[in-house]
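Input: a single structure, listed below in C-alpha cells.
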Ligand code: SF4
Ligand code: SF4
Ligand code: SF4
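Numbering (the working numbering), first residue to last: 1 to 216.
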C-alpha cells in the first residue's frame, strides 16, 4: 500500500487530530504508524470522513472508491464537550481520559472544558460517574489541528515519564528489599557464630574447672 517516500509524518498531517481512538489505535499518530508499518486500511477514521479518506488515498495512491460508502455512513459530525458544572463532583476521571489536556479542575472541585482545545473526541463522556458531560454538535471543528497534535504528544511524553518513574521506584524498592534481607541474614549469621563461640568458651572453662578440682 505504501511506498518508500511515504512518511508517517505525511499521513499524520492529513489525520484530523481528534485523538478519539475510534480507528482502534491510541491516537492519530499510532494509526499513521499502523498504515505505514502494518498495511492498515485507510477507512478507519470517522471524524475525518470522506475528506480524510480521499486525502489519504491520494497520498498513498489508493483507489478510495472501495471505501466511500462505508466511510460516508460512519462519518460523524464535529462536536465539543460541555460539563454541567453544578453536577460535577470533581472526581477527575474526565481529566484522566482527555487525550489533549482540554479539561481544567482539581480533585473535589468543579471541572470545566477549555472549549478552544476540545477536539470532540468524547473520551471523557463514558468515565463520568455523574453523566454530566454533554457533547454539543458543531458545524465544523473549532480546534487547531497542530495545537491538538502538540498537546497529545506532550501528554504522551508526560505519561511515559510517569510510567518510567513508577517502574524505577518499583525496581529500587525491590533492590532495597533484597539488600535488607541480605543484611538481616548476615546479622543472623554473626549472631549465631557469637553464640557458638560463647558456648565453646563456657564448655572450655567448665572443663578446666573440673580438671583443677580433680588435680587439687
Ligand atoms: S481522529 Fe480518531 S479515528 Fe481518526 S485517526 Fe485520529 S484517533 Fe483515529
Ligand atoms: S474535553 Fe472531552 S471531548 Fe473534549 S478533547 Fe477532552 S476528552 Fe475529548
Ligand atoms: S468525570 Fe464528571 S464528575 Fe468527574 S470531574 Fe469530570 S465532569 Fe466532574
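Beta carbons are placed, not taken as given, at the ideal position from N, Cα and C, and that holds for glycine.
Continuous beta strand (DSSP E) stretch holding residue i: start and end
{"i": "residue 76", "result": "Careful: residue 76 lies outside any beta strand (DSSP E) and carries neither H nor E."}
{"i": "residue 135", "result": "133 to 137"}
Between the CA atoms of residue j and residue i - distance to the nearest angstrom
{"i": "residue 90", "j": "residue 71", "result": "37 Å"}
{"i": "residue 84", "j": "residue 137", "result": "16 Å"}
{"i": "residue 102", "j": "residue 35", "result": "27 Å"}
{"i": "residue 124", "j": "residue 142", "result": "18 Å"}
{"i": "residue 206", "j": "residue 171", "result": "53 Å"}
{"i": "residue 10", "j": "residue 184", "result": "59 Å"}
{"i": "residue 160", "j": "residue 55", "result": "31 Å"}
{"i": "residue 118", "j": "residue 49", "result": "19 Å"}
{"i": "residue 153", "j": "residue 100", "result": "8 Å"}
{"i": "residue 108", "j": "residue 98", "result": "18 Å"}
{"i": "residue 92", "j": "residue 106", "result": "7 Å"}
{"i": "residue 168", "j": "residue 190", "result": "33 Å"}
{"i": "residue 175", "j": "residue 186", "result": "16 Å"}
{"i": "residue 8", "j": "residue 140", "result": "26 Å"}
{"i": "residue 213", "j": "residue 202", "result": "17 Å"}
Proximity below 8 Å, CB of residue i to CB of residue j
{"i": "residue 15", "j": "residue 31", "result": "yes"}
{"i": "residue 115", "j": "residue 104", "result": "no"}
{"i": "residue 94", "j": "residue 45", "result": "no"}
{"i": "residue 19", "j": "residue 27", "result": "yes"}
{"i": "residue 121", "j": "residue 87", "result": "no"}
{"i": "residue 17", "j": "residue 148", "result": "yes"}
Those residues which DSSP pairs with residue i across a bridge
{"i": "residue 26", "result": "Bridge partners of residue 26: none, in fact."}
{"i": "residue 104", "result": "112"}
{"i": "residue 83", "result": "133"}
Collapsed DSSP secondary structure at residue i in the structure displayed
{"i": "residue 113", "result": "strand"}
{"i": "residue 68", "result": "helix"}
{"i": "residue 203", "result": "helix"}
{"i": "residue 1", "result": "Here the model assigns residue 1 a pLDDT of 48, short of 50, so the residue's position is not dependable, and the following value carries that caveat. Note: residue 1 maps to coil in three-state DSSP."}
{"i": "residue 95", "result": "helix"}
{"i": "residue 213", "result": "helix"}
{"i": "residue 142", "result": "coil"}
{"i": "residue 123", "result": "coil"}
{"i": "residue 197", "result": "helix"}
{"i": "residue 183", "result": "helix"}
{"i": "residue 49", "result": "helix"}
{"i": "residue 19", "result": "coil"}
Endpoints, the alpha helix (DSSP H) within which residue i is located
{"i": "residue 10", "result": "8 to 14"}
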